[in-house]
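*Asks:* So that we are looking at the same thing, I have put the structure below in C-alpha cells.
Chains as they are written, first to last, in our numbering: chain A, 5 to 447; chain B, 11 to 492.
Right, here's the structure in full:
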C-alpha cells in the first residue's frame, strides 16, 4: 500500500527538477538576427538559470545533443548530460555552455530517452524538461512516442519545447512532444522561456465553486479528481473554509486538466487550463438533494438488506445502489427508483430537489412461510390490472421457505412436482399485512 | 402375464352372442369426421369428440372393492375417499346435465379375499337418472374385502349398457391394484370397443405403483391419483372428457421445436371480460402424452405464459367439442452466474432488465435463471456492480463466472468522509462513498485495484485529503487506515 502521488498534499511546494535539453547540432551555428542561434539559446538559458537560482526547491540540469561528433559521422547516440542535478548547477551550467561547440546531428528521441535517468526517482517531485531545438529528429526515432511514454510512466511532466528560428513553425511534429512554442525571433524565444518559467515556478491557485441551483457556491463535501491524459494527478474532497467559501488549492499550471466531480451522476469538465501564477476560479454547477426510501422496521425480520437502485431514465444500468432507510445524495432532477422488495416497487419519476430530501415511504413487509409435504413447482403471484404477475418462484427443492412480501393480496399457484397433469394445479389465496407473519401449510 | 385369454373365457358363450348382436346393431364411427387435430388425441377421446349425434352419455363406474381398498389415505380408507368423490361428481354432473346416466359395478365386495372368488362382481346400480341417493346408499353398505378380477368385471360390464345406438358409452375403472385373478384385461379391451363402449376405458389408479408403466395401455387411458385432491382432479378430468367437453393443451415449444417445457406457470383469461379463468403449472402429462386442460369454448382467451419476460397470446379461440392444441413458442435459455467463495457472501442479487431498461427479474446468483431468448442488461449487485449486456439463446446456458469478493476494512481514528474508486489510467469511477465514517467499516469488494480518498470531516481544507491505493484479492482481507 502506497500513498498516491498527490503533489499538493503537503503545505510546502514539491521539489522541481528542470532539465534543459539543448540542441547543439551543426545548424545551431547559423545566424539568427545577427548572432549564432546557439549563442542566443545559451544566453537565454544563462538568464533563466540566474532567475531561478534563488527559488526554493528548484533544481537544474543540462543535457545537450549533437555536440560531440561532426554531423558527417551521423552519430545517433550523440547526447550527454553536461551538468547533473546538484547544488552548484546554476554555476556549472553557464560555464559548461561556454565550452560547447555545435557540430552534430539531432538525435532528439535518443536524448529524451536518456534524460529519463537524469532525474531522481523520488515520488512527489516535478520533473520538467525544457527542449530548445532548431530542427526535427534526424535519426530514426519518434520523439513524441518517447515523450508520451515517459509521461505515462510518471517520470516526467509534459515537456516544454521551444522551436528556434524562422523555420520553427514547420516543426509541427514537435508539438506532440510537449507544450510547443514557436520562436521565429530571439524575442519570441525570450517570451516563451518567460512563460515557461512562470508556469514552473509561480504559485497557481484554484478555487472550484460548486454551484447550487441559485448559482451560489454552496455545494461541498464531494471529491474532485484532476486528471491529465492518463493520470489522476490529484483528488480533493471539496470543503468550504471557515468563512463558508470554497477553499483554495494549488495546482500545477503546466497541465491541462479534466476535472471530474464525483457527484451522482458525475460532472466532468474537459480541457481546463489555469493561468499560472494567478488565482483561478472554476464554476461547476452541481445542485444536489437527497433521496431516502424509508420503511418502518418494527421487528428484526429483515436480516437481508433491501437494495434500492437509482437510475437515470432511459439508462439501462443503475447510477447508484443505496440501502433502505439511508440517504443518498444526487444531482437535482428526475430519477427512476427501483426498490428490490418482493414484489419490487418501482417509482418511475422521483424528483430530487435542491437541499431537500425526497422521501419514498414504503410499508413494512410481512413474513410468509410456505410449508409443504411434497416438493412443489409454481410461484407466488399478484393480480394487477386483471393480469397475474409473478412475484417470485417457489424453490422446488424446499419443503419450507420463508419470504418477505409487501402487504397485499397474493395467489400461490402451485402443483406437486411429481404430478403429471397441469389440471392438478392449485391456487391458494392469501393476504399479507404489515409486519405480520403468516404460515401457509399445503398438503 | 401371458397374452392369451386364460381359462374362464369360454364359460360365457352367451355374451359372445350379445356382442355380435350389439356389433351389428351399432353405427360405427365415421372417420371422415375426425378433425385433423384429433389425430393427436388419445383413443378414448377420439371416440367421443367426433360424434355429435349422441343423445345420451352413459358412464359406468367399475369400482374396486377389494380388500386393499381398506388401505389408508390421510387417515381414511381409499374406498371412503373414492365414494365421497364419486358422489360429489355425480351431484355436480346431474345438476347441470340432463342427458347423463351413471351406473355402478363393484368387484371384490361380496366374498372375502381368502375365498378367492374370481367372479365376485355385480352391477349394483343399473343406469338411470337421479340415482344419486342410490349411490350413497349402496356405497355406504359396502365392505371392501375380496379379489381384483378386473378382466372379468370389464367383460361383464359389456352387458350393463342398454342397447341404444344413440348413447355414448363410457367405462371408468377405479382400482388400487392389478388383476389378482387370472384374467387378462388386455383381452377385454377389443371386446369393449367392438361393443361401442368407449374405445379405451379410463383407468384411475389409486396410488398404484406400476412396475411396468404400460400395464394399462392396452385397456385405456391410465391416470393415477395419489391422494384425495388428485383423485378429485383426475375424476373431473375423466368426466369432462366423457361429457364431451372442449379440451385444450398448451404446448410450450422450446428452441428446438420440442414441446418439452414443463413446470411453467400459465394463466388464462377470458378475452372479453379479462377475468382470470384458469391458472396452471404446465406438466409433462402421462407418459409424455398430452396434458389436457378443460376450457369452455364459449369465449376467446388471452394466455400469459409466466416466463421471464412473459409471453402474451391474446384472442385464442377454441373449437367446441374438440381437443385444441395451443402451441406457444417459448425459446428459453438459462443465465447462470457463478461465484466462488463463501456461501454467505454469495447471497448477491442480479437484476435483469430488458432493452428498454424495465426491470424483469431479480434473482440470487449461483442459481439458474430461465430467460426467453433475447438481449438483456444484467447488473450484479456486487461492489462495484458488474454490468453486462448479454444475449440469451434458446436451449443454451449463458455462464458467467465472477470472482469471489475480498474483505476491505477501512479504519479511521476521526470521523471522515471517504469514497472508493476504480482507477484505470485516466478513468476514475466512484464505487462507494460513506459520507460519515466513524471508527471503521467493512465492505465486500470484488478483487482489483482501488483508490480510497478520505478527508477528516471537520477539516476545512481540501488539501488535507488523503488518497490510498489498495488491492483487494478474492477471499482475503485488506485493511487501510486513515
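Built from N, CA and C at the ideal position, the CB exists for glycine as well.
Below 7 Å between beta carbons is the criterion; list the residues of the stretch 380-396 of chain B that meet it against any residue of chain A, in chain order.
*Replies:* Result list: 387, 389, 391, 395.
*Asks:* Tell me, to the nearest whole angstrom, how far the beta carbon of residue 21/A is from that of residue 100/A; I am working on the premise that it is less than 8 Å.
*Replies:* As a working note, residue 21/A is residue 17 in the first chain. As a working note, residue 100/A is residue 96 in the first chain. Not a contact, Cβ separation roughly 18 Å.
*Asks:* When you compare the CB positions of residue 405/B and residue 227/B, do they come within less than 7 Å of one another, or not?
*Replies:* To locate residue 405/B, count along the second chain from 1; it is residue 395. To locate residue 227/B, count along the second chain from 1; it is residue 217. No, the Cβ-Cβ distance between residue 405/B and residue 227/B is not below 7 Å.
*Asks:* Mind checking if residue 51/B is an interface residue toward chain A, Cβ cutoff 7 Å exclusive?
*Replies:* Within the second chain, the letter at position 41 stands for residue 51/B. In this predicted model, residue 51/B has a pLDDT of only 32, less than 50, meaning its place in the structure is not dependable; the value taken from the coordinates is given anyway. Closer than 7 Å: no.
*Asks:* Assuming residue 455/A contacts residue 137/A (C-beta within less than 8 Å), just tell me the rounded distance between them.
*Replies:* Residue numbering for chain A in the displayed model covers 5 to 447; residue 455/A lies beyond these limits and cannot be assessed.
*Asks:* Which term fits residue 459/B, buried or exposed, when burial requires 16 or more other beta carbons within 10 angstroms of its beta carbon?
*Replies:* Here residue 459/B corresponds to residue number 449 of the second chain, with the count starting at 1. Per the 10 Å Cβ criterion, exposed.
*Asks:* Can you tell me the Cβ-Cβ gap for residue 59/A and residue 205/A, rounded? I've got them flagged as a contact below 8 Å.
*Replies:* The residue labelled residue 59/A in the question sits at position 55 within the first chain. The residue labelled residue 205/A in the question sits at position 201 within the first chain. Their Cβ separation, rounded to whole angstroms, is 5 Å, which keeps residue 59/A and residue 205/A in contact under 8 Å.
*Asks:* Using CA coordinates, which residue listed in 293/A, 348/A, 171/A is at the minimum distance from residue 362/A?
*Replies:* What you label residue 362/A is simply residue 358 of the first chain in a count that begins at 1. When each option's Cα is compared against that of residue 362/A, the closest is 293/A.
*Asks:* Count the other CB atoms within 10 Å of the CB of residue 337/B; is the residue buried (16 or more) or exposed (fewer)?
*Replies:* Here residue 337/B refers to the residue found at position 327 when the second chain is read from its first residue. With fewer than 16 other Cβ atoms within 10 Å, it is exposed.
*Asks:* 7 Å is my cut-off, CB to CB: does residue 167/B come that close to chain A?
*Replies:* Counting from one through the second chain, the residue named residue 167/B turns up at place 157. It does not; no Cβ of chain A falls within 7 Å.
*Asks:* Name the residues in the stretch 125-159 of chain A whose C-beta lies less than 8 Å from a C-beta of chain B; which are they?
*Replies:* Cβ contacts with chain B: none found.
*Asks:* Does DSSP classify residue 205/B as helix, strand or coil?
*Replies:* Sequence index remark: in the second chain, residue 205/B carries index 195 (1-based). The answer is coil: DSSP assigns residue 205/B none of H, G, I, E or B.
*Asks:* What separation, rounded to the nearest whole angstrom, lies between the Cα atoms of residue 375/A and residue 489/B?
*Replies:* In the first chain, the residue the question calls residue 375/A occupies position 371. In the second chain, the residue the question calls residue 489/B occupies position 479. Rounded to the nearest angstrom, the two C-alpha atoms are 44 Å apart.
*Asks:* By DSSP, does residue 152/A sit in helix, in strand, or in coil?
*Replies:* The residue labelled residue 152/A in the question sits at position 148 within the first chain. Three-state result, residue 152/A: helix.
*Asks:* With respect to the beta strand (DSSP E) encompassing residue 311/B, which residues constitute its N-terminal and C-terminal limits?
*Replies:* As a working mapping, residue 311/B is identified with position 301 in the second chain. That run of the beta strand (DSSP E) goes 311-315.
*Asks:* Within 7 Å (strictly less), CB to CB, does residue 426/A reach chain B?
*Replies:* As a working mapping, residue 426/A is identified with position 422 in the first chain. Yes, residue 426/A lies at the interface with chain B (some Cβ there is under 7 Å from its Cβ).
*Asks:* Apart from the five residues just before and just after residue 233/B, which ones in its own chain have a Cβ nearer than 8 Å to its Cβ?
*Replies:* Your numbering for residue 233/B matches position 223 in the second chain. 212, 213, 214, 215, 244, 247, 248, 296.
*Asks:* DSSP three-state label for residue 181/B, please.
*Replies:* Residue numbering aside, residue 181/B sits at position 171 when the second chain is read from its first letter. Residue state, collapsed to three classes: strand.
*Asks:* Beta strand (DSSP E) containing residue 261/B: first to last residue?
*Replies:* For the purposes of this step, residue 261/B is taken as residue 251 along the second chain, with counting starting at 1. Where residue 261/B is concerned, the enclosing beta strand (DSSP E) stretches over 257-263.
*Asks:* Just curious, the beta strand (DSSP E) that residue 230/A is in, first and last residue?
*Replies:* As a working note, residue 230/A is residue 226 in the first chain. From DSSP, the beta strand (DSSP E) with residue 230/A extends over 227-232.
*Asks:* So, for residue 495/B: in the same chain, excluding its five sequence neighbours on each side, which residues have a beta-carbon less than 7 Å away from its beta-carbon?
*Replies:* Residue 495/B lies beyond the range of chain B shown here (11 to 492); nothing can be said about it.
*Asks:* Along the stretch 354-382 of chain A, where does the CB come closer than 7 Å to a CB of chain B? Name the residues.
*Replies:* Cβ contacts with chain B come from 381, 382.
*Asks:* Which chain B residues sit within Cβ distance under 7 Å of residue 251/A?
*Replies:* For the purposes of this step, residue 251/A is taken as residue 247 along the first chain, with counting starting at 1. Going along chain B in sequence order, the residues near residue 251/A (Cβ under 7 Å) are 470, 471, 472.
*Asks:* Determine, using beta-carbon pairs with one atom in the stretch 82-97 of chain A and one in the stretch 144-160 of chain A, whether at least three such pairs fall under 8 Å.
*Replies:* Because the criterion of three Cβ pairs below 8 Å is not met, the stretch 82-97 of chain A and the stretch 144-160 of chain A do not touch.
*Asks:* By the three-class DSSP mapping on this structure, what secondary structure does residue 91/B have?
*Replies:* Within the second chain, numbered from 1, the residue matching residue 91/B stands at position 81. Helix, per DSSP.
*Asks:* Quick check: the Cα distance between residue 128/B and residue 333/B, rounded to an integer number of angstroms?
*Replies:* Counting from 1 along the second chain, the entry for residue 128/B is found at position 118. Counting from 1 along the second chain, the entry for residue 333/B is found at position 323. Spanning the two alpha carbons is a distance of roughly 39 Å.
*Asks:* Just the C-alpha distance for residue 393/A and residue 301/B, rounded to the nearest angstrom, thanks.
*Replies:* The count along the first chain starts at 1 and reaches residue 393/A at position 389. The count along the second chain starts at 1 and reaches residue 301/B at position 291. Approximately 24 Å between the Cα atoms of the pair.
*Asks:* Which bits of chain B does residue 218/A rub up against, with CB to CB less than 9 Å?
*Replies:* The residue given as residue 218/A occupies position 214 in the first chain. Chain B residues near residue 218/A: none, gap ~23 Å exceeds 9 Å.
*Asks:* Would you say residue 320/A lies against chain B (beta-carbon separation less than 7 Å)?
*Replies:* As a first step, residue 320/A is located in the first chain; it is residue number 316 there, counting from the start. So, interface residue.
*Asks:* Apart from the five residues on each side of it in sequence, which residues of its chain come closer than 7 Å, Cβ to Cβ, to residue 452/A?
*Replies:* Past the edges of chain A, shown from 5 to 447, lies residue 452/A, and the structure says nothing about it.
*Asks:* Examine chain B for any beta-carbon lying closer than 7 Å to the beta-carbon of residue 3/A, and answer yes or no.
*Replies:* Outside the displayed span of chain A (5 to 447) sits residue 3/A, for which this structure offers no information.
*Asks:* Closer than 9 Å by beta-carbon distance: list the chain B residues that pair up with residue 240/A, in chain order.
*Replies:* The residue labelled residue 240/A in the question sits at position 236 within the first chain. 463, 465, 472, 473, 475, listed in chain order.
*Asks:* Using a Cβ distance threshold of 8 Å, determine whether the stretch 417-430 of chain B contacts the stretch 441-448 of chain B, with at least three qualifying pairs required.
*Replies:* A contact exists between the stretch 417-430 of chain B and the stretch 441-448 of chain B.
*Asks:* Which residues in chain A have a C-beta closer than 8 Å to the C-beta of residue 314/B? List them in chain order.
*Replies:* Indexing the second chain from 1 puts residue 314/B at position 304. 391, 392, listed in chain order.
*Asks:* Per DSSP, what are the beta-bridge partners of residue 385/A in this structure?
*Replies:* Along the first chain, one-based indexing puts residue 385/A at 381. In DSSP, residue 385/A forms a bridge with 394/A, 415/A.
*Asks:* Cβ closer than 9 Å: which chain A residues qualify as neighbours of residue 301/B?
*Replies:* For the purposes of this step, residue 301/B is identified with residue 291 of the second chain, where counting begins at 1. Simply 424, 425, 426, 427.
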